[in-house]
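As structure tokens, the structure follows; a few thoughts come after it.
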Amino acid sequence: MAEQKTFAPERAVLWTILNASHIGLDKILEEFLDNAVSAHAHEIRIDLIQNTKRGFIMTVEDDGDGIAEEALSWVFSVGHQPGKSVAGDHNQFGIGLKSALASCDYHNDTWAVYSRVTACPGRYVRVKAPYREEEIDYAVCRTEEESWPGELSSGTGTLISVPVTKTLFKSLDPKWVKTDEECMDTLAEELAVTYGPLLKDVRMTLHWKFLSGKEDSRTIQPIQPNWKQIVLRKEGEELNLGQGKLMADYAMGAVSPHPDTQKYYKCNITSSGLMVYLNGRLIQANLFKEVWNQPHPTYNPFLLQVNLRMVDGNREALPNPTPDKDYMVLGDPRFIQLLSWVRKLCPDPKVCLPKTQKESAELAMCRQMAEHLKASGAASVANLEMPLPLVNKKAVRTDLYTRLPDGRAVLYETKAQASKVLDLAQLAMYGLVAAEDGLDLDELVLVAKSHGNNVQGFAQMLSRRWFRDLPVPTIRLLTWEEVQNGAC
Ligand SMILES: Nc1ncnc2c1ncn2[C@@H]1O[C@H](COP(=O)(O)OP(=O)(O)O)[C@@H](O)[C@H]1O
Ligand SMILES: [Mg+2]
1 MAEQKTFAPE
11 RAVLWTILNA
21 SHIGLDKILE
31 EFLDNAVSAH
41 AHEIRIDLIQ
51 NTKRGFIMTV
61 EDDGDGIAEE
71 ALSWVFSVGH
81 QPGKSVAGDH
91 NQFGIGLKSA
101 LASCDYHNDT
111 WAVYSRVTAC
121 PGRYVRVKAP
131 YREEEIDYAV
141 CRTEEESWPG
151 ELSSGTGTLI
161 SVPVTKTLFK
171 SLDPKWVKTD
181 EECMDTLAEE
191 LAVTYGPLLK
201 DVRMTLHWKF
211 LSGKEDSRTI
221 QPIQPNWKQI
231 VLRKEGEELN
241 LGQGKLMADY
251 AMGAVSPHPD
261 TQKYYKCNIT
271 SSGLMVYLNG
281 RLIQANLFKE
291 VWNQPHPTYN
301 PFLLQVNLRM
311 VDGNREALPN
321 PTPDKDYMVL
331 GDPRFIQLLS
341 WVRKLCPDPK
351 VCLPKTQKES
361 AELAMCRQMA
371 EHLKASGAAS
381 VANLEMPLPL
391 VNKKAVRTDL
401 YTRLPDGRAV
411 LYETKAQASK
421 VLDLAQLAMY
431 GLVAAEDGLD
441 LDELVLVAKS
451 HGNNVQGFAQ
461 MLSRRWFRDL
471 PVPTIRLLTW
481 EEVQNGAC
């Protein structure tokens, strides 16, 4: 039998680990902003004041609930997970504040946090560097002796002050080709897109002053994509990714390049695809191959924005972001479910792009059917000529794909003349290929002028003996006459 022993790992240098948690100034700042928004702030003021050639002081002030003295010990602990109702909409791992402080202040000697709450009018607490793992000093200040260091007049809220080195500032422009003012534009765009849906309830302002004496300020306004056409838009679709109800808002279509942005909505390969917001905060943009195939320049105008909102504080219903909130965790079953929901919503981004080709008589009949299904409300999505990748990755174009309002996915194969067994075999094959590609079809429908006994017999056989452990789709045979009478 093996001998059981123990060893003690050496103690981690926590501050150094926290310091390496963020990739740039925008992501660090967003941690402070997430905290402010979670604390129900209506106003957030960000100041970047250059004090030496080598750096700035950044302050972030909010008029939210503030941090009570009794809460300091868990607020400043790392990895402490408060109950959902305490953490608010954008806190989760108990790490953001500390990693953002450490990411700015490697030497752990300059940061400070000030906070005031309703329960203690005329007072605020001040916690200053250094961060220590055992005991941290803090002061309780009386405003009549030491006035509140911020600008906002509300009686509650928090102010964070951190150093920002010039190099960290330049993380806004890794190529170091922009002017400092242009870097502020980059930051303003990042904030406008990241917090777009929340900015109707929160006033966010950005102020800066450089050593050159140049100063300016800006109110962050949401930036909308420059839509050329919106193919689908919905507010508040109920959805379940496996861990409870949530609400989804989405808009999908083709965009033209935005004239005023640098990064987002540019109608190019790095700004197209799927953007996912969680509770109104952008987590990941430019998702494409995770849902569809490899991105291709023809898809550049395609954009699908989805905002997933939790209901009754149930965060478990949402996919997990990584702690730095830059991505969603790929191995999270809720994320996999989300991708499969998106695929059903839009199996082919091409439908959002302007059409060019001339169509056959069969396609014209299909188009009529698609339009009827959409107009009558029987289908919420109807895509003609949806491509499915075959084994050698050459796509075949199927006739019509629809998504019903209840979320079920239906594929139609259409024949102008009487159907053949082979037509149904082809449709069944499409069903299998789609499943292999991550799109589960709930129903397969063959539409033709008529269906002989052999085709009907084959349909019954398929319903009895489908493929391995795949769920059996409903298989239906329809005639064009039935379709004309409204039965599709
Ligand atoms: N600006 C703020 N206003 C009020 N409370 C705050 C603020 N910043 C942080 N907190 C409190 O500190 C807790 C921990 O924050 P943070 O370290 O950012 O954790 P998380 O990684 O979960 O976001 C939050 O849940 C919140 O209660
Ligand atoms: Mg946080």
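Numbering (my numbering), first residue to last: 1 to 488. Virtual Cβ for every residue (Gly too), placed ideally from N, Cα, C.
Under a Cβ-count criterion, where at least 16 other Cβ atoms within 10 Å of its own Cβ denotes burial, should P349 be classed as buried or exposed? buried
My guess is that P473 and L441 are in contact by the Cβ rule of under 8 angstroms, so how many angstroms apart are they, rounded? 5 angstroms
Three-state secondary structure (DSSP) of K245: strand
Using CA coordinates, which residue listed in A409, Q456, L390, L444 is at the minimum distance from V433? L390
Strictly by DSSP, which residues pair up with N307? D249, Y277
Using a threshold of 9 angstroms, state whether the C-beta atoms of I269 and M328 are closer than that. no
Expected contact under 8 angstroms - CB spacing of Q92 and R315 to nearest Å: 7 angstroms
To the nearest angstrom, how far is the alpha carbon of L239 from that of P333? 14 angstroms
Is the CB-CB distance between L303 and G253 below 9 angstroms? yes
State the Cα-Cα distance for the pair Q456 and G407, rounded to the nearest angstrom. 27 angstroms
Only counting the same chain, and skipping five residues up and downstream in sequence, which positions put a Cβ closer than 6 angstroms to that of H258? N226, Y265
Is it the case that the CB of H22 approaches a heavy atom of ligand 1 more closely than 8 angstroms? no
Taking 8 angstroms as the cut-off, is the C-beta of L278 nearer than that to any heavy atom in ligand 1? no
Mark M461 as exposed unless 16 or more other C-beta atoms lie within 10 angstroms of its C-beta, in which case mark it buried. exposed
Own chain residues within Cβ distance below 6 angstroms of M58, not counting five before or after: L48, V162, V164
Report all residues for which the CB-ligand distance to some heavy atom of ligand 2 is below 7 angstroms; order them along the chain. E31, D34, N35, S38, H90, N91, G96, L97
Pick helix, strand or coil for I136, following the three-state DSSP scheme. coil
Assuming S21 and D324 form a contact by the criterion Cβ under 8 angstroms, report the distance between their Cβ atoms to the nearest whole angstrom. 6 angstroms
Any contact of the segment 66-80 with the segment 166-185, i.e. 3+ C-beta pairs under 8 angstroms? no
Please check the pair V311 and Y250, which I expect to be a contact at CB under 8 angstroms, by giving their CB distance rounded to whole angstroms. Actually they are not in contact, since the Cβ atoms of V311 and Y250 sit about 16 angstroms apart, beyond 8 angstroms.
Would DSSP call W292 helix, strand or coil? coil
How far does the alpha helix (DSSP H) with K209 in it extend, from its first residue to its last? First-last for K209: 203-209, but that is the beta strand (DSSP E), not the alpha helix (DSSP H).
Contact test: H80 Cβ vs ligand 1 heavy atom, cutoff 8 angstroms: yes
Is S115 near ligand 1, judged by its Cβ being under 8 angstroms from some heavy atom? yes
Indicate whether L72 and Y114 have their beta-carbon atoms separated by less than 9 angstroms. no
Within its chain, find whatever has a CB closer than 8 angstroms to the CB of P301; leave out the 5 residues flanking it on each side and keep chain order. K228, A254, V255, S256, C267, S272, C352, L353
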